[in-house]
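Colleague: Protein chains in written order, with my numbering: chain S, 9 to 120; chain F, 97 to 212.
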Amino acid sequence: DAKTTQPTSMDCAEGRAANLPCNHSTISGNEYVYWYRQIHSQGPQYIIHGLKNNETNEMASLIITEDRKSSTLILPHATLRDTAVYYCIVSPGGTSYGKLTFGQGTILTVHP
Amino acid sequence: EAEVAQSPRYKITEKSQAVAFWCDPISGHATLYWYRQILGQGPELLVQFQDESVVDDSQLPKDRFSAERLKGVDSTLKIQPAELGDSAMYLCASSSWIAGIQETQYFGPGTRLLVL
Numbered sequence: 009d010a011k012t013t014q015p016t017s018m019d020c021a022e023g024r025a026a027n028l029p030c031n032h033s034t035i036s037g038n039e040y041v042y043w044y045r046q047i048h049s050q051g052p053q054y055i056i057h058g059l060k061n062n063e064t065n066e067m068a069s070l071i072i073t074e075d076r077k078s079s080t081l082i083l084p085h086a087t088l089r090d091t092a093v094y095y096c097i098v099s100p101g102g103t104s105y106g107k108l109t110f111g112q113g114t115i116l117t118v119h120p
Numbered sequence: 097e098a099e100v101a102q103s104p105r106y107k108i109t110e111k112s113q114a115v116a117f118w119c120d121p122i123s124g125h126a127t128l129y130w131y132r133q134i135l136g137q138g139p140e141l142l143v144q145f146q147d148e149s150v151v152d153d154s155q156l157p158k159d160r161f162s163a164e165r166l167k168g169v170d171s172t173l174k175i176q177p178a179e180l181g182d183s184a185m186y187l188c189a190s191s192s193w194i195a196g197i198q199e200t201q202y203f204g205p206g207t208r209l210l211v212l
């Protein structure tokens, strides 16, 4: 499985955009980029995923570079409830049995 | 919104005792996963089922851990005997297959185990 590199921690002011980077330079052509987050003492929550194109849903936007070696998760208007550990994961999707290999993630702290 | 159910939410046991965790995946989800999360680390896959069959149990400590999904719906993860190092959060996740494509994994709230 391809590995990802994320900053250990980040801070963001409430109401501002939070931009969380992820490097995945060894990603394979059939591997998707997934983002999950985990609020303290809860199970991981799915946020968004993508293969090549940028994606947006009600929670966030995912920007993937053209060479697919890095991506950025954008929370457009961060709130205190967005404080969590954010995991960037690459995993085979499609017809493969895609297990998720979690790293350490980024601890995002949103402050007033 | 459908959710993955897990019970119990918390379990305290003494070492050498047996413990069991239960998971009920989202209805219709054929793939079920058990993960273990040690405090301060990301979740690690223990076992993956496709319907009632094990697809991947390479990281399951088979001398003390067992998992089953007899009817391809709910699942039980057992530890016997429990050791101090088994203290962790045990997470269940499930996903569906649509037109031969595996969909996103959704996680339950987890069972937090403390072994004394």
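For glycine and all other residues, C-beta sits at the position ideal for the given N, C-alpha and C.
If you're wondering where the values come from, they're calculated on a predicted model, not measured in any experiment.
Just to confirm the assignment, what range does the beta strand (DSSP E) spanning I82(S) have?
Modeller: S78 to L83
Colleague: Roughly how many whole angstroms lie between the Cα atoms of E68(F) and L187(F)?
Modeller: With chain F running from 97 to 212 in the structure shown, residue 68(F) is simply not present.
Colleague: Measure the alpha-carbon distance for L180(F) versus K111(F) and round it to whole angstroms.
Modeller: 6 Å
Colleague: Looking only at its chain, what residues have a beta carbon closer than 8 Å to the beta carbon of T109(F), apart from the 5 residues adjacent to it on each side?
Modeller: Excluding residues within five positions, the ones whose Cβ falls inside 8 Å are V115, A178, L209, L210, V211 and L212.
Colleague: Which residues in the same chain as V169(F) place their Cβ atom closer than 8 Å to its Cβ, once the five residues preceding and following it in sequence are excluded?
Modeller: D120 and P121
Colleague: Sort out for me which residues DSSP pairs L70(S) with in a bridge.
Modeller: E63(S) and L81(S)
Colleague: By Cβ distance below 6 Å, which residues in the same chain neighbour Y95(S) in space, the five residues on each side in sequence not counted?
Modeller: Y44, F110 and G113
Colleague: Around the C-beta of L135(F), are 16 or more other C-beta atoms found within 10 angstroms, so that it is buried, or is it exposed?
Modeller: exposed
Colleague: Alpha carbon to alpha carbon, how far is T117(S) from P29(S)?
Modeller: 15 Å
Colleague: Among Q102(F), P205(F) and S191(F), which has the Cα closest to the Cα of A126(F)?
Modeller: S191(F)
Colleague: Cα-Cα, which of R89(S), S99(S), P100(S) and I97(S) is closest to Q50(S)?
Modeller: R89(S)
Colleague: Find the residues of chain F that neighbour Y95(S), judging by a C-beta separation of less than 9 Å, and give them in chain order.
Modeller: G138 and P139
Colleague: Please classify S171(F) as buried or exposed, where buried requires at least 16 neighbouring CB atoms within 10 angstroms.
Modeller: buried
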